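This report concerns only the one structure given below.
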Amino acid sequence: MRPVLFEDNPSFWFETLRSFGHIAYGGADFGEVLTTAQRIRGGDFDSWYDEWLATADRVAEVAREAEQAGHRVSAHDAWLRASNYYRSAEFFLHGNPADPRIEHAYQASVTAFRSAAALSDRPVTPVEIPFENTTLPGYFYEAPDDARGGPHPLVIMHNGFDGTAEECHFFGIPGLVERGYHVLAFDGPGQPGPMHREKLPFRPDWETVVGAAIDFALTREDVDPERIALIGLSMGGQLAPRAAAFEHRVKAVVAVDGVYDIAENFIRDIPGTTREQKAALLRAEHAPEVDAQLEQAITDSSVMRWALSHGSWVFGVDTPRQVLAAMLDYHLGDGIAEQIKAPALICDAAGDLFFTGQPERLHEHIADSTLLTFDDKLGANAHSHVGAQRLASARIADWLDDTLRPAA
Numbered sequence: 034m035r036p037v038l039f040e041d042n043p044s045f046w047f048e049t050l051r052s053f054g055h056i057a058y059g060g061a062d063f064g065e066v067l068t069t070a071q072r073i074r075g076g077d078f079d080s081w082y083d084e085w086l087a088t089a090d091r092v093a094e095v096a097r098e099a100e101q102a103g104h105r106v107s108a109h110d111a112w113l114r115a116s117n118y119y120r121s122a123e124f125f126l127h128g129n130p131a132d133p134r135i136e137h138a139y140q141a142s143v144t145a146f147r148s149a150a151a152l153s154d155r156p157v158t159p160v161e162i163p164f165e166n167t168t169l170p171g172y173f174y175e176a177p178d179d180a181r182g183g184p185h186p187l188v189i190m191h192n193g194f195d196g197t198a199e200e201c202h203f204f205g206i207p208g209l210v211e212r213g214y215h216v217l218a219f220d221g222p223g224q225p226g227p228m229h230r231e232k233l234p235f236r237p238d239w240e241t242v243v244g245a246a247i248d249f250a251l252t253r254e255d256v257d258p259e260r261i262a263l264i265g266l267s268m269g270g271q272l273a274p275r276a277a278a279f280e281h282r283v284k285a286v287v288a289v290d291g292v293y294d295i296a297e298n299f300i301r302d303i304p305g306t307t308r309e310q311k312a313a314l315l316r317a318e319h320a321p322e323v324d325a326q327l328e329q330a331i332t333d334s335s336v337m338r339w340a341l342s343h344g345s346w347v348f349g350v351d352t353p354r355q356v357l358a359a360m361l362d363y364h365l366g367d368g369i370a371e372q373i374k375a376p377a378l379i380c381d382a383a384g385d386l387f388f389t390g391q392p393e394r395l396h397e398h399i400a401d402s403t404l405l406t407f408d409d410k411l412g413a414n415a416h417s418h419v420g421a422q423r424l425a426s427a428r429i430a431d432w433l434d435d436t437l438r439p440a441a
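Counting along the sequence shown from 1, when you hit position 314 you're at 347 in my numbering, and nothing is skipped either side.
Structure, rendered in structure tokens:
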């Protein structure tokens, strides 16, 4: 798939494709995305914010007018699109977490999504999951009862490095609900809800986070404790398998896409022949040559510019080198992957911007795992298969159906 916009800027094209992909489950409309992107100056983060915010505001006004006139379906649809456009607006601004535009657009995104949820045909309930001394925000989607009756299988879904619980909707939650799954989508530490509310950064022991989500879900009598699946998107492709290694109430785990070692692809050019040597430099009190190398990478690559600035915020550190040092803790080595007892579906995007080769590595370390590679024949080879939501979601759901099928 050749970029049709922002040909010289992989980050801007990927984020545009991300919104095009969200058309599949109501998160965008083609003309709205195209005309917005055509107004943006390539590589200009302020221009990106201004134009996406303008579109989001216009679509939110469409939603308000429809709701006031009693057109519930039209309002629901417009609120969903506005939510996604507000999410996109503040995406590139995290190099300065104090920028008030971030909070404005994020809160507008959440408000729009909750307005849509209130108008949904099926119950979509905002929830707060008890976690240590706080709560984690999320949504519980109720599936319709079927002829068999009894409790439903549950899919727990979370995003990764930058996505929101609200955005999980556009990665296929309606399709899961349609197939009879309850779905619990949530933001954990390091993800937008906890970061905006209390600056709660990522933590490697993700099993504590998923364990809290399972505890919460099992307070409902309509959840089948023997059919709980976990889906992690993007960086969630490392977090979800990590959780499954220690939280054996997870009966099936899906990594979209699989990640064995978050840091590996980012530290290849750091001096040193072993991971330990690179880690020592990244964690050193002073390493001016590495600092200079990373500053050059930020200048040369829009992907690194965004990843390292956003990483500073979500890992709670101050410098690009500290971001890479923090990433070192997010891996499934030292026998962690081998502790996964649940069947695993490991998705692989042939053209991944960030984690090329990582799904194969994870597949090698999990005995009961299936590697599902998406290539470019149907436009599905981008990171997390953005642009091919229907195709990817169907294949994931079919695997879950086969894996969690109840005994006859």
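Every residue gets a Cβ at the ideal spot worked out from N, C-alpha and C, and that includes glycine.
Given the structure is predicted, the values throughout are model-derived calculations rather than measurements.
Checking 7 Å against the spacing of the C-beta atoms, do Leu-433 and Ala-262 come in under that value?
yes
Take Asn-42 and list the residues in its own chain whose beta-carbon comes closer than 6 Å to its own, dropping the five residues that flank it on each side.
Counting only Cβ-Cβ distances below 6 Å, and skipping sequence neighbours, we find Gly-75, Gly-76 and Ser-335.
Roughly how many whole angstroms lie between the Cα atoms of Ala-359 and Phe-348?
In this structure, the alpha-carbon of Ala-359 lies about 7 Å from that of Phe-348.
Closest by CA to Leu-67, which one among Trp-85, Leu-411, Cys-201 and Gln-140?
Trp-85
CB-CB length for Glu-371 against His-343, believed under 8 Å
The pair is not a contact, with the Cβ atoms about 31 Å apart (cut-off 8 Å).
Alpha carbon to alpha carbon, what distance is there between Ala-250 and Gly-256?
Before going further, note that residue 256 is Val rather than Gly in the sequence given. One C-alpha to the other measures close to 7 Å.
With a Cβ-Cβ cutoff of 7 Å, do Phe-219 and Ala-246 count as a contact?
Cβ atoms of Phe-219 and Ala-246: closer than 7 Å.
4-residue-minimum alpha helix (DSSP H) runs that sit fully inside the region 183-265, ordered along the chain
198-201, 206-211, 225-231 and 239-250
Pair every Cβ in the region 280-290 with every Cβ in the region 416-432, then say whether three or more of these pairs are closer than 8 Å.
yes
Find the nearest neighbour of Met-337 within the set Tyr-174, Thr-306, Leu-361 and Ile-300, judged by alpha-carbon distance.
Ile-300
Since Ala-141 and Ala-89 are thought to touch, with beta carbons under 8 Å apart, how far apart are those beta carbons, to the nearest angstrom?
7 Å
Would you call the CB atoms of Gly-171 and Gly-269 closer than 7 Å?
For the pair Gly-171 and Gly-269, the CB atoms are not nearer than the 7 Å cut-off.
For the putative contact between Tyr-174 and Val-210, defined by C-beta atoms under 8 Å, what is the C-beta separation to the nearest angstrom?
Your pair Tyr-174 and Val-210 checks out as a contact, with CB atoms roughly 5 Å apart and the cut at 8 Å.
Give the C-beta separation of Gly-213 and His-185 to the nearest angstrom, bearing in mind that I take them to be a contact with Cβ-Cβ under 8 Å.
6 Å
Check whether Val-283 and Ala-400 have beta carbons under 7 Å apart:
Contact: no.
Candidates Ala-96, Gly-226, Ala-131 and Ala-70, of which the one nearest Ser-121 by Cα:
Ala-70
In whole angstroms, what is the alpha-carbon distance linking His-55 and Ile-206?
12 Å
Rounded to whole angstroms, what is the Cα-Cα separation between Glu-231 and Lys-410?
43 Å
Span of the beta strand (DSSP E) holding Glu-161?
157-164
Just to confirm the assignment, what range does the alpha helix (DSSP H) spanning Tyr-82 have?
For Tyr-82, the enclosing alpha helix (DSSP H) stretches over residues 78-101.
Taking a contact to mean a Cβ-Cβ separation below 7 Å, would you say Phe-44 touches Trp-346 in this structure?
For the sequence presented, residue 44 should be read as Ser rather than Phe. Going by C-beta atoms, Ser-44 is not nearer than 7 Å to Trp-346.
Among Leu-386, Leu-361 and Ala-87, whose alpha-carbon lies nearest the alpha-carbon of Ile-73?
Ala-87
With 16 other Cβ atoms within 10 Å as the buried cut-off, status of Arg-51
buried
To which residues of the same chain is Ala-441 closer than 6 Å at the C-beta, ignoring the five residues directly before and after it?
Its pLDDT being 49, under 50, Ala-441 is placed unreliably in this model, and the coordinates cannot settle the point.
Measure the C-alpha to C-alpha separation of Ala-276 and Gly-384 and round it to an integer number of angstroms.
26 Å
What is the DSSP secondary structure of Ser-426, counted as helix, strand or coil?
helix
Per DSSP, which one or two residues make a beta bridge with Tyr-24?
Nothing can be reported for residue 24: it is not among the residues displayed for the chain, which extend from 34 to 441.
Using DSSP's beta-bridge definition, name the partner residues of Ala-288.
Looking at the DSSP assignment, Ala-288 forms a beta bridge with Gly-265 and Ile-379.
Tell me whether Phe-387 sits in a helix, a strand or coil according to DSSP, three-state version.
coil
Roughly how far, in whole angstroms, is the beta-carbon of Leu-266 from the beta-carbon of Gly-196, given that I think they are within contact range, below 8 Å?
6 Å
Exposure label - Arg-35; buried when at least 16 CB within 10 Å:
exposed
In the DSSP output, what is Thr-167 paired with across the bridge?
Phe-164, per the DSSP bridge assignment.
Residues in the same chain with beta-carbon distance under 7 Å from Arg-105, minus the five sequence neighbours each way, listed in chain order, please.
Leu-152
Three-state secondary structure (DSSP) at Phe-47?
helix
Spatial distance of His-191 from Phe-235 (CA atoms):
13 Å
Exposed or buried, Gly-37, counting other C-beta atoms within 10 Å across all chains shown (16 or more means buried)?
Here residue 37 turns out to be Val, not Gly, going by the sequence shown. Classification for Val-37: exposed.
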